[in-house]
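Q:
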Ligand SMILES: Cc1cc2nc3c(=O)[nH]c(=O)nc-3n(C[C@H](O)[C@H](O)[C@H](O)COP(=O)(O)OP(=O)(O)OC[C@H]3O[C@@H](n4cnc5c(N)ncnc54)[C@H](O)[C@@H]3O)c2cc1C
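Numbering (my numbering), first residue to last: 3 to 294.
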């Protein structure tokens, strides 16, 4: 028997921490699971699950109006964006409850709500209260960052967390960063009917993927109406008078100043995940496969 009150203390109940805690409990360990935010972490609350929900709703809305047969007239769909967001929130809450049930089903997991702070290799404080354990698993995940672009922090830009609570569809959106999260949200807002402009610093979108994927996706998204600018350096962001949106001043190479208007988005520092591109070059029917 070790020195701690628990065999294992897990900091963070996201995908990593929760399943680490459950596996340890199944193997007979006494586990403390510490969570300072929403149970389940990013994926069910602000990541995969709500994003999939919104992507799917946007796809149904968009592709439902794009029938590629002359003899088939699509019905006019009506969008209630606030209702889509409410439904998304209900799905998130259900998933969170499911995670809470999973934790409660394991008697040797003690759930400790609160912010954990690592004091020493066997000692953590949870909202100031000391807890000891033989082993500590740090599974604190990641959260969005604001890139150091002049003016950006002052306008509290949308990011993958803040976008979860909006209730009105932006008419236009400037997406800073053509990575997977920026493109996924860019495309879903495009499908809902917003004008979307993507500004990417590198020479191509999805710079960590193969060039063929970047090129195919750029062509496909361009055909859907997304405006994509690559090799772009953003110089400043400022609000327009009378809450009319934001102005983003950017430069392509050394010349060609570019100015876009709209709401803003930015990338997240997680998401090293591999994303498959949407199938169907320029075709307008709904893609058949969904990402799992
Ligand atoms: C918009 C978006 C879409 C995504 N889509 C997908 C997808 O389709 N497929 C996929 O596989 N992945 C996707 N991901 C990535 C996926 O969500 C993450 O890989 C996953 O959530 C990481 O899990 P984690 O346990 O490492 O961290 P997290 O889920 O971030 O969990 C960390 C937890 O630790 C808690 N915490 C942090 N600090 C403390 C502290 N000091 N004390 C107590 N608790 C603390 C946090 O509150 C949080 O609950 C997406 C991410 C985003 C943002």
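C-beta: ideal position from N, C-alpha, C; glycine also.
Counting along the chain, where does the beta strand (DSSP E) carrying residue 75 start and finish?
A: Against the chain shown, residue 75 aligns to sequence position 73. Here residue 75 belongs to no beta strand (DSSP E), and DSSP marks it neither H nor E.
Q: From the DSSP output, which residues share a beta bridge with residue 28?
A: Counting from one through the chain shown, the residue named residue 28 turns up at place 26. DSSP, once it has assigned bridges, lists no residue as partnering residue 28.
Q: Over the uninterrupted beta strand (DSSP E) stretch that includes residue 197, give me the two end residues.
A: Translated into the one-based positions of the chain shown, residue 197 becomes position 195. It spans 197 to 201 - the beta strand (DSSP E) in which residue 197 sits, taken as one unbroken run.
Q: Please report how far the alpha carbon of residue 273 lies from the alpha carbon of residue 20, in whole angstroms.
A: As a first step, residue 273 must be located in the chain shown, where it is residue number 271. As a first step, residue 20 must be located in the chain shown, where it is residue number 18. Confidence at residue 273 is low in this model, with a pLDDT of 32, below 50, so its placement is unreliable and the value that follows should be read with caution. Between residue 273 and residue 20, the alpha-carbon positions lie close to 19 Å from each other.
Q: For residue 122, count neighbouring Cβ atoms within 10 angstroms of its own Cβ and tell me buried if that reaches 16, exposed if not.
A: In the chain shown, counting from the first residue as 1, residue 122 sits at position 120. By the neighbour-count rule (16 or more Cβ atoms within 10 Å), residue 122 is not buried but exposed.
Q: Does the beta-carbon of residue 224 have 16 or more other beta-carbons within 10 angstroms, so that it is buried, or is it exposed?
A: As a working mapping, residue 224 is identified with position 222 in the chain shown. Classification for residue 224: exposed.
Q: Alpha carbon to alpha carbon, how far is residue 250 from residue 159?
A: The sequence position of residue 250 within the chain shown is 248, counting from 1. The sequence position of residue 159 within the chain shown is 157, counting from 1. Spanning the two alpha carbons is a distance of roughly 12 Å.
Q: Excluding sequence positions up to five away, which residues of its chain have a Cβ less than 8 Å from the Cβ of residue 75?
A: Residue mapping note: residue 75 aligns to position 73 of the chain shown, counting from 1. The residues 69, in chain order, have a CB closer than 8 Å to that of residue 75 in the same chain once the five nearest residues on each side in sequence are set aside.
Q: Rounded to the nearest angstrom, what separates residue 216 and residue 124 at their Cα positions?
A: Locating residue 216 in the chain shown gives position 214, where the first residue counts as 1. Locating residue 124 in the chain shown gives position 122, where the first residue counts as 1. Rounded to whole angstroms, residue 216 to residue 124 spans 46 Å at the Cα level.
Q: Among the residues of its own chain, which have a CB less than 6 Å from the CB of residue 134, if the five just before and after it don't count?
A: Translated into positions along the chain shown, residue 134 becomes position 132. 6, 7, 124, 125.
Q: Given that a residue counts as buried once 16 or more other Cβ atoms are within 10 Å of its Cβ, and exposed if not, what is residue 144?
A: To locate residue 144, count along the chain shown from 1; it is residue 142. Residue 144 comes out exposed.
Q: Output needed for residue 142: all residues of its chain with C-beta closer than 7 Å, excluding positions within five of it in sequence on either side, in chain order.
A: Here residue 142 refers to the residue found at position 140 when the chain shown is read from its first residue. Here the set comprises 13, 14.
Q: Measuring alpha carbon to alpha carbon, tell me which residue in 168, 207, 113, 157 is nearest residue 82.
A: In the chain shown, residue 82 corresponds to position 80, counting from 1. Of the listed residues, the one whose Cα sits closest to residue 82 is 168.
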